[in-house]
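Peer 1:
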Ligand code: PFF
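Residue numbers (the numbering used here): 471 to 904.
(1) Spell out the partners DSSP gives residue 837 in its beta bridges.
(2) Considering only the alpha carbon of each residue, which of 859, 543 and 501 lies closest to residue 790?
(3) Quick one: give me the first and last residue of the alpha helix (DSSP H) that residue 901 is part of.
(4) Can you round the beta-carbon distance between residue 433 and residue 874 to whole angstroms, since I take them to be within the 8 Å contact cut?
(5) Is residue 723 closer than 8 Å to residue 901 when the C-beta atoms are compared?
(6) Should residue 604 be listed as close to the ligand PFF, given that the test is whether its C-beta is under 7 Å from any heavy atom?
(7) Report the start-end ranges of each alpha helix (DSSP H) in the stretch 612-696 that is 4 residues or longer and not cut off at the edges.
(8) Could you give the C-beta distance for residue 849 and residue 697, rounded to a whole number, given that I count them as a contact under 8 Å?
(9) For residue 598, count the other beta carbons within 10 Å of its own beta carbon; 16 or more makes it buried, fewer makes it exposed. Which is it?
(10) With a CB to CB cut of under 6 Å and the five nearest residues on each side skipped, what residues in its chain are close to residue 735?
(11) Would the beta-carbon of residue 640 be found less than 7 Å away from any heavy atom of the ligand PFF?
(12) Which runs of the alpha helix (DSSP H) fall wholly inside the stretch 841-892 and span at least 4 residues, in chain order?
(13) Is residue 709 helix, strand or coil when you go by DSSP?
(14) Looking at the structure shown, is residue 583 part of a helix, part of a strand, or coil, going by DSSP?
(15) Would you identify the three-state DSSP class for residue 768, choosing helix, strand or coil?
(16) If I measure Cβ to Cβ from residue 472 and keep anything under 7 Å in the same chain, skipping five residues before and after, which residues do I get?
(17) By alpha-carbon positions, which one of 819, 878, 903 and 890 ends up nearest to residue 568?
(18) Spatial neighbours of residue 829 within its chain, please: CB distance less than 8 Å, with the 5 preceding and 5 following residues excluded, ordered by chain position.
(19) Indicate whether residue 788 and residue 570 have their beta-carbon atoms separated by less than 8 Å.
(20) Can you tell me which of 794, 800 and 728 puts its alpha carbon nearest to the alpha carbon of residue 504?
(21) Answer yes or no: the CB of residue 690 versus the heavy atoms of the ligand PFF, is any distance below 7 Å?
(22) Are three or more beta carbon pairs between the stretch 885-894 and the stretch 547-561 nearer than 8 Å?
(23) By the 10 Å Cβ neighbour count, where 16 or more other Cβ atoms means buried, how is residue 835 classified, buried or exposed?
(24) How about residue 791: is its Cβ closer than 7 Å to a heavy atom in the ligand PFF?
(25) Secondary structure at residue 806, three-state DSSP: helix, strand or coil?
(26) I'd like to confirm something about residue 566: is its beta-carbon nearer than 7 Å to some heavy atom of the ligand PFF, or not?
(27) If you drop the 5 nearest sequence neighbours on each side, which residues of the same chain put their C-beta closer than 6 Å to that of residue 596?
(28) Quick one: residues in its chain with C-beta nearer than 7 Å to the C-beta of residue 765, no 5 flanking neighbours on either side, listed in chain order?
(29) Identify whether residue 782 lies in helix, strand or coil by the three-state DSSP scheme.
(30) To the nearest angstrom, report how far apart residue 584 and residue 550 are at their CA atoms.
(31) Rounded to a whole number of angstroms, what is the C-alpha to C-alpha distance between residue 620 and residue 536?
(32) So, with DSSP's three-state summary, where would you put residue 500?
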């Protein structure tokens with residue numbers, strides 16, 4: 471019986487924590503510092519803040535409102551606006567299945583690194599270690615499956631007993647770990663330089679590419695464009711204020727990104743690595759540095775635990791999006807949906823788990839499978855889906871817009887931006903991205 475009843479959050483706080491759990495992920499702790507580094511620090515941060523508050527908040531409100539209004543999964547929500555839009559719901563579902571196919575590979579590496587530091591089995595050169603780990607044909611896949619298994623437990627147990635419980639435990643722990651690590655970082659000699667890099671803008675670094683990266687980062691970090699927020703919104707009660715919830719979510723998500731920067735940049739400047747070190751920052755440069763820092767092993771364990779909790783809570787929302795679609799559309803039970811979805815994600819993740827070793831030379835348009843999936847979802851599908859959400863809701867679903875923004879002057883501004891500015895912005899982002 472319980473299986474067929476639509477779940478709902480047990481409290482508003484549980485919803486906010488779970489939504490922050492979805493938003494706060496590798497995007498904040500791993501990707502945000504390195505794109506900020508790559509695009510000149512403070513000037514990137516400033517652009518990012520403007521974009522997140524005035525642009526990305528809008529589709530976030532719409533997605534939450536859409537779910538809250540129809541109380542259904544993503545596919546059915548779009549189908550309810552118009553049966554002709556079912557394909558668009560399915561595209562959201564496909565995006566939600568493709569993201570874990572590379573995101574969970576990183577989750578697997580994190581588990582491996584936690585194990586390394588916990589067992590004090592520390593390699594002398596992380597660069598060699600990382601490439602040896604990935605050149606094995608089995609280990610990266612097994613690690614990815616392990617991460618997938620851990621994440622799947624929570625949607626399997628349901629919204630209240632699984633998803634809420636996981637977030638209620640992991641998110642506060644994550645906050646404490648983040649603050650502790652930032653405090654250690656601030657005690658390092660390079661703290662001042664790191665903070666200046668992050669907060670003192672150098673406007674000569676401003677570029678078109680910077681704006682587009684900030685836009686992509688904001689979409690990815692807010693989990694917009696693949697139905698996660700539609701799904702979490704669909705478990706909301708009638709009286710919840712969407713606009714207020716969306717801005718609360720943005721506030722905390724941005725706070726975490728900024729603290730992650732405060733944690734990483736002092737380390738980067740103290741030990742003289744390039745702030746632009748890119749994706750290898752978390753798995754090669756930082757672990758190497760941890761070994762020279764005060765409280766090296768506890769700091770390393772704390773850092774990877776932080777990454778782990780961030781990745782798991784985001785992973786849960788990715789899986790729940792598809793699970794809700796399977797339940798509502800294919801009339802599967804929750805448990806069966808999770809098992810079927812896990813098998814699909816497991817198979818899809820194998821080629822991307824092998825992208826750094828066995829399949830290193832297999833390239834699609836010059837990109838490995840891992841990078842192609844990242845590019846296809848973050849640069850094409852998320853902006854494309856978001857563009858369509860804006861057009862569909864802005865021009866054809868005034869009831870959703872009302873649910874999303876409410877009334878008043880600020881709502882009027884958001885409505886104007888939605889109808890006239892955002893379609894142009896996202897179309898442009900897509901064209902340049904392609
Ligand atoms: N917001 C997550 C992050 O910043 O890592 C990634 C993500 C999670 C994207 C859930 C999309 C999603 F539905």
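Glycine is no exception: its CB is placed at the ideal position from the N, C-alpha and C atoms. Values in this document were obtained by computation on a predicted structure and should not be read as measured data.
Peer 2: Quick answer:
(1) 834
(2) 543
(3) 892-903
(4) This structure cannot speak to residue 433, because the chain is shown only from 471 to 904.
(5) no
(6) no
(7) 635-656, 661-669 and 678-691
(8) Incorrect: roughly 18 Å between the Cβ atoms, too far for contact.
(9) exposed
(10) 664, 667 and 668
(11) no
(12) 852-866, 868-875 and 879-886
(13) coil
(14) helix
(15) helix
(16) Here the model assigns residue 472 a pLDDT of 46, short of 50, so the residue's position is not dependable, and the following value carries that caveat. So the list is empty, once near-sequence residues are dropped.
(17) 819
(18) 821, 838 and 839
(19) yes
(20) 728
(21) yes
(22) no
(23) exposed
(24) yes
(25) helix
(26) yes
(27) 754, 757 and 758
(28) 654
(29) helix
(30) 45 Å
(31) 29 Å
(32) helix
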